[in-house]
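Enquirer: Starting off with a structure, shown below.
Numbering (my numbering), first residue to last: 5 to 427.
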């Protein structure tokens, strides 16, 4: 590993701990971020010459805190500094800070930082953008590319998110057990949103899996903080199983390859093995949750050597359990897909049709409905659903996939016409 590479890796690993502690000291995201960046600049000058510190996070907190205090003095000019207890702890020794990183402050600092990023006043897109900028340290350019927007638009989005957080007056005291549990659920939801944002566009031929990697990294961090939480194990297992199929999800022309047609030799067995072990560990807690159930569904696909080996009846049962844990028309739509495999298109369509009002603006609803209608030979209705799906496609790959269905419908119609003429 090159000199700059190991320093960058140390910054990335230390960022959540260091930024979380600096946020507790300075009470504003902007000042905490500036202090961390200044500490990193000083590290780039010091570490290559003096070698890496014993605890990079503690070093960055110590130096960042002093840099932040200097910033406050410069800005205040002749104004009196805030009280010491408002801008820092009283310990000035790096060793004390390193020791404290292993205690409750360390966990609460990071959880507070993550919770601020998923504050309920923020729209989901701003939550994701803020988390990627503050916690993961991705550049505005990287985040803008992932969201397919301009850098200026993304900068504005992040600035608005910071403004809302500041206006909300988020408390900075350590959360109690009940609040910590509530926050953890919100943080897990936000991290999964980050993963899904990346998963919808990740393509090995057009590398954009950064968001997936960051979501997995953040979840590993959460598990390190809360090693006994089965839902976090389920969340990590779910993301690992989905991410394991990255190389098989698109062909050389960037067209989507459906799960049943994927080359399973391309699936990452290392990720799958880790995920299956996590699921087994989570289940031993006997506290089922929505991420564990979704991971169990993904595991049934991963364990099937061929598409024909998939236990669709068991997948349908798991979706029924998920409907009880997380009632949602999207979950019901997914159960309908399992029903179509286990009991046929007609049984599945009976489940899908009542969802039309709730999912009228959902790409996958029209794609699934069109596929079922096509299977039942109702070509005109299928074409109408596929047309609607194309209008709602989230990416060129999704639109191309639906156009393939439309082309196959045209081929079927041409074949029927030929039979009539020949007859």
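A virtual CB, placed ideally from N, CA and C, is assigned to each residue, including glycine. Source: prediction; values computed, not measured.
Would the beta-carbon of residue 387 fall within 8 angstroms of that of residue 413?
Expert: Stepping through the chain shown from its first residue, residue 387 is reached at position 383. Stepping through the chain shown from its first residue, residue 413 is reached at position 409. A contact, by the Cβ cut-off of 8 angstroms.
Enquirer: Is the separation between the beta-carbon of residue 369 and that of residue 337 shorter than 8 angstroms?
Expert: Within the chain shown, the letter at position 365 stands for residue 369. Within the chain shown, the letter at position 333 stands for residue 337. Cβ distance < 8 angstroms, so residue 369 and residue 337 count as in contact.
Enquirer: Quick check: residue 144 and residue 162, are their CB atoms within less than 8 angstroms of each other?
Expert: For the purposes of this step, residue 144 is identified with residue 140 of the chain shown, where counting begins at 1. For the purposes of this step, residue 162 is identified with residue 158 of the chain shown, where counting begins at 1. A contact, by the Cβ cut-off of 8 angstroms.
Enquirer: Name the two residues that bound the continuous alpha helix (DSSP H) containing residue 345.
Expert: Looking up residue 345 in the chain shown gives position 341. 333-347 is the span of the alpha helix (DSSP H), which, as asked, contains residue 345.
Enquirer: Using a threshold of 8 angstroms, state whether the C-beta atoms of residue 281 and residue 234 are closer than that.
Expert: As a position in the chain shown, residue 281 is number 277, starting the count at 1. As a position in the chain shown, residue 234 is number 230, starting the count at 1. No, Cβ-Cβ distance for residue 281 and residue 234 is not below 8 angstroms.
Enquirer: What is the rounded straight-line gap between the Cα of residue 65 and the Cα of residue 363?
Expert: Here residue 65 is taken as the residue at index 61 of the chain shown, counted from 1. Here residue 363 is taken as the residue at index 359 of the chain shown, counted from 1. About 48 angstroms.
Enquirer: Skipping 5 residues on each side, what residues in its chain have a beta carbon closer than 8 angstroms to that of residue 122?
Expert: By 1-based counting over the chain shown, the position of residue 122 is 118. Hits under 8 angstroms: 131, 135, 190, 191, 193, 194.
Enquirer: Note down, in chain order, each residue of its chain lying with its Cβ closer than 6 angstroms to the Cβ of residue 25, except the 5 sequence neighbours on either side.
Expert: By 1-based counting over the chain shown, the position of residue 25 is 21. Taken in chain order, the residues that qualify are 65, 113.
Enquirer: From the DSSP output, in three-state form, read off residue 230 for me.
Expert: Sequence index remark: in the chain shown, residue 230 carries index 226 (1-based). In the structure shown, residue 230 sits in coil (DSSP, three-state: anything other than H, G, I, E or B).
Enquirer: Name the DSSP beta bridge partners of residue 355, please?
Expert: By 1-based counting over the chain shown, the position of residue 355 is 351. Paired residues: none, contrary to the question.
Enquirer: Taking 8 angstroms as the cut-off, decide whether the C-beta atoms of residue 319 and residue 342 are in contact.
Expert: For the purposes of this step, residue 319 is taken as the residue at position 315 of the chain shown. For the purposes of this step, residue 342 is taken as the residue at position 338 of the chain shown. Result yes, Cβ atoms of residue 319 and residue 342 sit closer than 8 angstroms.
Enquirer: Would the segment 254-261 count as touching the segment 313-332 if we require 3 or more Cβ pairs under 8 angstroms?
Expert: Because the criterion of three Cβ pairs below 8 angstroms is not met, the segment 254-261 and the segment 313-332 do not touch.
Enquirer: Around the C-beta of residue 99, are 16 or more other C-beta atoms found within 10 angstroms, so that it is buried, or is it exposed?
Expert: Here residue 99 refers to the residue found at position 95 of the chain shown. Because the pLDDT at residue 99 is just 47, under 50, the model does not fix this residue reliably, and the value given afterwards should be weighed accordingly. Burial call: exposed.
Enquirer: Please say whether residue 22 and residue 72 have beta carbons closer to each other than 8 angstroms?
Expert: Within the chain shown, the letter at position 68 stands for residue 72. Within the chain shown, the letter at position 18 stands for residue 22. No.
Enquirer: When the Cα atoms are used, what is the spatial distance from residue 231 to residue 220?
Expert: Translated into positions along the chain shown, residue 231 becomes position 227. Translated into positions along the chain shown, residue 220 becomes position 216. Their backbone Cα atoms lie some 15 angstroms apart in a straight line.
Enquirer: In angstroms with no decimal places, state the Cα-to-Cα distance between residue 32 and residue 299.
Expert: Within the chain shown, the letter at position 28 stands for residue 32. Within the chain shown, the letter at position 295 stands for residue 299. Their Cα atoms are separated by approximately 37 angstroms.
Enquirer: Enumerate in chain order the residues of its own chain whose CB-to-CB distance from residue 353 is below 6 angstroms, with the five nearest sequence positions on each side excluded.
Expert: Position 349 of the chain shown, counted from the start, is the residue given in the question as residue 353. Closer than 6 angstroms at the Cβ level, and outside the excluded window around residue 353, lie 376.
Enquirer: Does the distance from the C-beta atom of residue 394 to that of residue 403 stay below 8 angstroms?
Expert: Residue 394 sits at position 390 when you count from the first residue of the chain shown. Residue 403 sits at position 399 when you count from the first residue of the chain shown. Yes, the Cβ-Cβ distance between residue 394 and residue 403 is below 8 angstroms.
Enquirer: Could you pull out every residue in the same chain whose Cβ sits closer than 7 angstroms to the Cβ of residue 147, ignoring the five residues on either side in sequence?
Expert: Indexing the chain shown from 1 puts residue 147 at position 143. Excluding sequence neighbours, residue 147 sits near 133, 136, 137, 158.
Enquirer: Let me know if residue 19 comes out buried or exposed under the rule of 16 or more other beta-carbons within 10 Å of its beta-carbon.
Expert: Here residue 19 refers to the residue found at position 15 when the chain shown is read from its first residue. Buried: at least 16 other Cβ atoms inside 10 Å.
Enquirer: Can you list, in chain order, the residues of its chain with a C-beta nearer than 6 angstroms to that of residue 16? Leave out the 5 residues immediately preceding and following it.
Expert: Along the chain shown, one-based indexing puts residue 16 at 12. Same-chain partners within the cutoff: there are none.
Enquirer: Across which residues does DSSP place residue 40 in a beta bridge pair?
Expert: Position 36 of the chain shown, counted from the start, is the residue given in the question as residue 40. DSSP output for residue 40 lists no bridge partner at all.
Enquirer: In or out: residue 172 buried (at least 16 other Cβ within 10 Å) or exposed?
Expert: The count along the chain shown starts at 1 and reaches residue 172 at position 168. Flag for residue 172 reads exposed.
Enquirer: So, residue 399 versus residue 154, is the Cβ gap smaller than 8 angstroms?
Expert: Within the chain shown, numbered from 1, the residue matching residue 399 stands at position 395. Within the chain shown, numbered from 1, the residue matching residue 154 stands at position 150. Against a cut-off of 8 angstroms, the Cβ pair of residue 154 and residue 399 comes out as no contact.
Enquirer: Rounding to the nearest angstrom, what Cα-Cα distance links residue 360 and residue 250 in this structure?
Expert: As a position in the chain shown, residue 360 is number 356, starting the count at 1. As a position in the chain shown, residue 250 is number 246, starting the count at 1. Straight-line Cα distance between these residues: approximately 31 angstroms.
Enquirer: Can you tell which of 266, 289, 13 has its C-alpha closest to the C-alpha of residue 44?
Expert: Stepping through the chain shown from its first residue, residue 44 is reached at position 40. Checked all of 266, 289, 13; the closest Cα to residue 44 is 13.
Enquirer: Are residue 351 and residue 372 close, meaning C-beta to C-beta below 8 angstroms?
Expert: Within the chain shown, numbered from 1, the residue matching residue 351 stands at position 347. Within the chain shown, numbered from 1, the residue matching residue 372 stands at position 368. No, Cβ-Cβ distance for residue 351 and residue 372 is not below 8 angstroms.
Enquirer: Where does the unbroken alpha helix (DSSP H) through residue 319 begin, and where does it stop?
Expert: For the purposes of this step, residue 319 is identified with residue 315 of the chain shown, where counting begins at 1. Element bounds for residue 319: 316-329.
Enquirer: Cα separation between residue 265 and residue 224?
Expert: Locating residue 265 in the chain shown gives position 261, counting from the first residue. Locating residue 224 in the chain shown gives position 220, counting from the first residue. If you take the alpha carbons of residue 265 and residue 224, they lie about 31 angstroms apart.
Enquirer: Compare the Cα-Cα distances from residue 273 to each of 256, 254, 247 and report the closest residue.
Expert: Along the chain shown, read from residue 1 onward, the residue named residue 273 stands at position 269. Among 256, 254, 247, the Cα nearest to that of residue 273 is on 247.
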